[in-house]
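From first to last, the protein sequence lines are chains A and B. Okay, so the first sequence: first residue is 1 according to this note's numbering, each after it adds one. Okay, so the second sequence: first residue is 1 according to this note's numbering, each after it adds one. Every residue, glycine too, gets a C-beta built ideally from N, C-alpha and C. What follows is one structure encoded as structure tokens, with my remarks underneath.
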Amino acid sequence: DSGVTQTPKHLITATGQRVTLRCSPRSGDLSVYWYQQSLDQGLQFLIQYYNGEERAKGNILERFSAQQFPDLHSELNLSSLELGDSALYFCASSVGGEETQYFGPGTRLLVL
Amino acid sequence: GENVEQHPSTLSVQEGDSAVIKCTYSDSASNYFPWYKQELGKRPQLIIDIRSNVGEKKDQRIAVTLNKTAKHFSLHITETQPEDSAVYFCAGPDDRGSTLGRLYFGRGTQLTVWP
Numbered sequence: 001d002s003g004v005t006q007t008p009k010h011l012i013t014a015t016g017q018r019v020t021l022r023c024s025p026r027s028g029d030l031s032v033y034w035y036q037q038s039l040d041q042g043l044q045f046l047i048q049y050y051n052g053e054e055r056a057k058g059n060i061l062e063r064f065s066a067q068q069f070p071d072l073h074s075e076l077n078l079s080s081l082e083l084g085d086s087a088l089y090f091c092a093s094s095v096g097g098e099e100t101q102y103f104g105p106g107t108r109l110l111v112l
Numbered sequence: 001g002e003n004v005e006q007h008p009s010t011l012s013v014q015e016g017d018s019a020v021i022k023c024t025y026s027d028s029a030s031n032y033f034p035w036y037k038q039e040l041g042k043r044p045q046l047i048i049d050i051r052s053n054v055g056e057k058k059d060q061r062i063a064v065t066l067n068k069t070a071k072h073f074s075l076h077i078t079e080t081q082p083e084d085s086a087v088y089f090c091a092g093p094d095d096r097g098s099t100l101g102r103l104y105f106g107r108g109t110q111l112t113v114w115p
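Written out as structure tokens, the structure is:
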């Protein structure tokens, strides 16, 4: 157990819908990262937050957005969902930036 | 920075043999290099990491070497076992040289260890 929690574990929804994925970092970690992993694909970096502020952006679609709250938990919002958005979404946290990232168990999203 | 290249993409070895996975990076300011292991359907887990002030680090059957001049670092697994079968990812830090930067992950190596 890495200490990073993600909810829900599984999510099944339909195209066009909107979902919210939630992540709670390890106690004391200020940075939160979101990754998308499709079948047989690597870890695609989406976005990083540090202490509530957006720090870095990767290949995140405009239909996706995220935020980090004052209690440091983070939410990833995915809207106008498409079949291709089906993937495993991981959250990771670290103390700062250039430090070990600890991954949560992931949320498996299936868009039908 | 952004260019962390990982080779090979797949690697098959016989149980007991050694496995080596190599990553190259482009930014000379990089100084933190972790390796992650991801079993099917599970989270990536850190197995070993190295900072630029050392050239090699070992943890039982796993070792990582770093060559800053050539800008590459490698994961070495000795006496491989079937349970070592997984996808391995290397990572390198942000090219901004900031302690708040993100990690860039390689594309992964699928290691299969045959009994």
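Neighbour-count burial assignment, A:Glu82, 16 or more Cβ in a 10 Å radius: So A:Glu82 counts as exposed.
Anticipated Cβ contact below 8 Å, A:Arg54 with A:Leu21, distance rounded: Reading off the sequence, residue 54 of chain A comes out as Glu, not Arg. 17 Å between Cβ atoms; not a contact.
Burial state of A:Ser94, where buried means 16 or more other Cβ atoms lie within 10 Å: When all chains shown are included, A:Ser94 counts as buried.
Short Cβ contact (8 Å threshold) for A:Leu46 with A:Asn59: Contact: yes.
Residues of the segment 19-42 of chain B whose Cβ lies closer than 7 Å to any Cβ of chain A, in chain order: If the cut-off is 7 Å between Cβ atoms, the segment 19-42 of chain B has Tyr32 and Pro34 near chain A.
Test item: CB-CB of B:Val4 and B:Gly108 under 8 Å: Contact check for B:Val4 against B:Gly108 fails: the beta carbons are separated by 8 Å or more.
Separation of A:Arg26 from A:Phe69, as counted between CA atoms: If I take the Cα positions, the gap works out to 14 Å.
With 16 other Cβ atoms within 10 Å as the buried cut-off, status of A:Glu99: Counting the other Cβ atoms within 10 Å of the Cβ of A:Glu99 gives 16 or more, which makes it buried.
Residues bridged to A:Ser24 (per DSSP): Answer is A:Thr5.
Expected contact under 8 Å - CB spacing of B:Arg61 and B:Asn31 to nearest Å: About 25 Å; that fails the 8 Å criterion.
Of the residues B:Pro44, B:Trp114 and B:Leu11, the one placed nearest B:Glu83, counting alpha carbons only: Ranked by Cα distance from B:Glu83, the first of B:Pro44, B:Trp114 and B:Leu11 is B:Trp114.
Span separating the alpha-carbon of B:Gly1 from that of B:Phe73: Per-residue confidence for B:Gly1 stands at a pLDDT of 44, beneath the threshold of 50, marking its modelled position as unreliable; the derived number appears in the next sentence. Straight-line spacing of the CA atoms in B:Gly1 and B:Phe73 works out to 14 Å.
Assigned exposure category for A:Thr7 - 16 Cβ within 10 Å defines buried: A:Thr7 comes out exposed.
Reduced DSSP category for A:Leu83 - H, G, I as helix; E, B as strand; rest coil: Looking at A:Leu83 - three-state DSSP - the assignment turns out to be helix.
Neighbour-count burial assignment, B:Ser9, 16 or more Cβ in a 10 Å radius: Label assigned to B:Ser9: exposed.
Neighbour list for B:Phe89 in chain A, Cβ cutoff strictly below 9 Å: By Cβ distance, chain A contributes Gly42 and Leu43.
Euclidean distance between Cα positions of B:Ser12 and B:Leu46: Rounded to the nearest angstrom, the two C-alpha atoms are 21 Å apart.
8 Å Cβ cutoff, A:Phe64 in contact with chain B: It does not: the Cβ of A:Phe64 has no partner Cβ on chain B nearer than 8 Å.
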